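Single-structure report; data block below.
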Amino acid sequence: MRCRRLLGFVLALALITTPLSAGAALPEFVALMLYFYLFQQPQMMNNTQDIVDANLQSADAINRKRLEIWQKQVTMAMLPPPQSCATLTLARELRTVDQFIPGLVNGQIQQGITTVTGNAPPIQTVVERVRRHESRYCAAPDQARGRCSATSTLPNGDLDAGLLLDTRGYSTEQDAAAQAFLENLTAPAPLPALPAHLEKSPQADQLRGYLLTYAARKAIARKVLANSYAERKRHQGRSPQEVIFNDVERRFGDQEWVDQVLKAPPGSLEREKLMIETWKMQMAMRQYRQQQDLAVTMATLLDVLTEQQGEEQIARLTEAAMRAKVVE
């Protein structure tokens, strides 16, 4: 409506200002104005509207695409790492079975100390170990030799050091063999039995004092070995070593995990890296404890070697001093 008024105003102004001599061109001018008004202007307006509509549609498509990409990124970032349930389950199992290790190790240490300072006759302890070996691992013809190769799925199992280095958990038979091996390896030397009338003598006190040192040194070795045994003893069907082995195999020994990692989105990979780093820290702490045990063991060995050399020197110098003549 506004455009029509403007067009009428322009037409009236043209009629007023047009000279009489140009009256012959008036019909052409009117025809031109009508042509523009009736044909060209609607077409131009339609083209403009088409352009506006196209721009709006393009912007809407771009926004939809951006929204789709954003939603996909959020969804991918929220995806769990490959086999995350297995990781959490194994970590929980390792924390559970680790709780039993200190008690097992302490029990083995106390048992070793009792064999040195206890009241059990030394010969009886030796005989019990021999009979146990024969009953579990020896046939009748082999008993005289002391080293047997029959009657068991674990020939000479109580002499097998490999049980303390196994990467899995013990079966019932392996558990008994590992305990027997630990006792055989840390068995104390036969101790003399003093007569009753010598138990209060100074020499008896010296012997008991040395046995305290001897038992403490034996406890160092027994702790290291008992810890290896406890790492492989199963609780609720799993041992700590078995849990660690299964987690390593689940990742780097399983092609399915490798395929999932290759296809995993960045967010999922970052979470998997975090889980691996957390697991590495836990393994580093376990290794740190083992290094401490090794350092204590090496210090004990150094002390034993130093004492052996010192005893020889002390005995030699004492003998020389006893034979020396005093010059007045």
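One point on numbering: in numbering that gives the first Met the number 0, the residue at position 258 of the sequence shown is 257, and numbering is uninterrupted. Every residue gets a Cβ at the ideal spot worked out from N, C-alpha and C, and that includes glycine. Note that the structure is a prediction, hence the values are computed from the model and not measured.
According to DSSP, residues forming a beta bridge with arginine 237: Counting from 1 along the sequence shown, the entry for residue 237 is found at position 238. According to DSSP, arginine 237 bridges with His234.
DSSP state of asparagine 245 mapped onto helix, strand, coil: By 1-based counting over the sequence shown, the position of residue 245 is 246. Helix.
Where phenylalanine 99 sits in the DSSP three-state scheme: The residue you call residue 99 lines up with position 100 of the sequence shown. Residue state, collapsed to three classes: coil.
Cβ-Cβ separation, glycine 102 to arginine 221 (assumed contact under 8 Å), whole Å: Within the sequence shown, numbered from 1, the residue matching residue 221 stands at position 222. Within the sequence shown, numbered from 1, the residue matching residue 102 stands at position 103. Their Cβ separation, rounded to whole angstroms, is 15 Å, which puts arginine 221 and glycine 102 out of contact at 8 Å.
Length-filtered (4 minimum) alpha helix (DSSP H) runs lying within the segment 131 to 217: 171 to 184
Rounded separation between leucine 66 and alanine 60 - CA only: Against the sequence shown, residue 66 aligns to sequence position 67. Against the sequence shown, residue 60 aligns to sequence position 61. Roughly 10 Å separates the two Cα atoms.
Three-pair Cβ contact test at 8 Å for the segment 291 to 303 versus the segment 203 to 223: yes
Cβ pair glutamate 248, proline 239 closer than 8 Å: Taking the first residue of the sequence shown as position 1, residue 248 is located at position 249. Taking the first residue of the sequence shown as position 1, residue 239 is located at position 240. Contact flag unset, no.
Top-ranked residue by Cα proximity to leucine 190, from Gly266, Asp292 and Tyr213: The sequence position of residue 190 within the sequence shown is 191, counting from 1. Out of Gly266, Asp292 and Tyr213, Tyr213 has the C-alpha closest to the C-alpha of leucine 190.
Secondary structure of asparagine 118, DSSP reduced to three states: On the sequence shown, position 119 is the one that residue 118 refers to. Looking at asparagine 118 - three-state DSSP - the assignment turns out to be coil, as it is neither helix nor strand.
Three-way DSSP call (helix, strand, coil) for alanine 229 in this model: The residue given as residue 229 occupies position 230 in the sequence shown. Helix, per DSSP.
Exposure of tyrosine 228, with buried meaning 16 or more beta-carbon neighbours within 10 Å: Here residue 228 refers to the residue found at position 229 of the sequence shown. Flag for tyrosine 228 reads buried.
Nonlocal neighbours in the same chain, by C-beta distance under 6 Å from alanine 225, ignoring five residues either side: On the sequence shown, position 226 is the one that residue 225 refers to. The answer, listed in chain order, is Val104 and Gln107.
Residue environment, arginine 91, which counts as buried when at least 16 other CB atoms sit within 10 Å: Reading the sequence shown from its first residue, position 92 is the one you call residue 91. With fewer than 16 other Cβ atoms within 10 Å, it is exposed.
8 Å Cβ shell around glutamine 56 - same chain, five flanking residues per side excluded: Start at 1 with the first residue of the sequence shown, and residue 56 comes out as number 57. Nothing meets the Cβ criterion.
Stretch-stretch touch, CB-based, cutoff 8 Å, three pairs: the segment 122 to 141 with the segment 150 to 169: yes
Contact set for alanine 186: own chain, Cβ-Cβ below 8 Å, skip 5 residues either direction: For the purposes of this step, residue 186 is taken as the residue at position 187 of the sequence shown. Once the five neighbours on either side are set aside, the close Cβ partners of alanine 186 are Thr114, Thr124, Val125 and Arg128.
Residue interval of the alpha helix (DSSP H) (run including aspartate 258): What you label residue 258 is simply residue 259 of the sequence shown in a count that begins at 1. Its alpha helix (DSSP H) spans residues 254 to 262.
Contact check, aspartate 246 vs leucine 87, beta carbons under 8 Å: Here residue 246 refers to the residue found at position 247 of the sequence shown. Here residue 87 refers to the residue found at position 88 of the sequence shown. No. Outside cutoff.
Buried or exposed by the 16-neighbour rule on C-beta atoms within 10 Å, applied to leucine 164: If you number the sequence shown from 1, residue 164 lands on position 165. By the neighbour-count rule (16 or more Cβ atoms within 10 Å), leucine 164 is not buried but exposed.
Where tyrosine 136 falls, given that 16 or more other Cβ within 10 Å makes a residue buried: One-based indexing of the sequence shown puts residue 136 at position 137. Counting Cβ neighbours within 10 Å, tyrosine 136 comes out buried, since at least 16 surround it.
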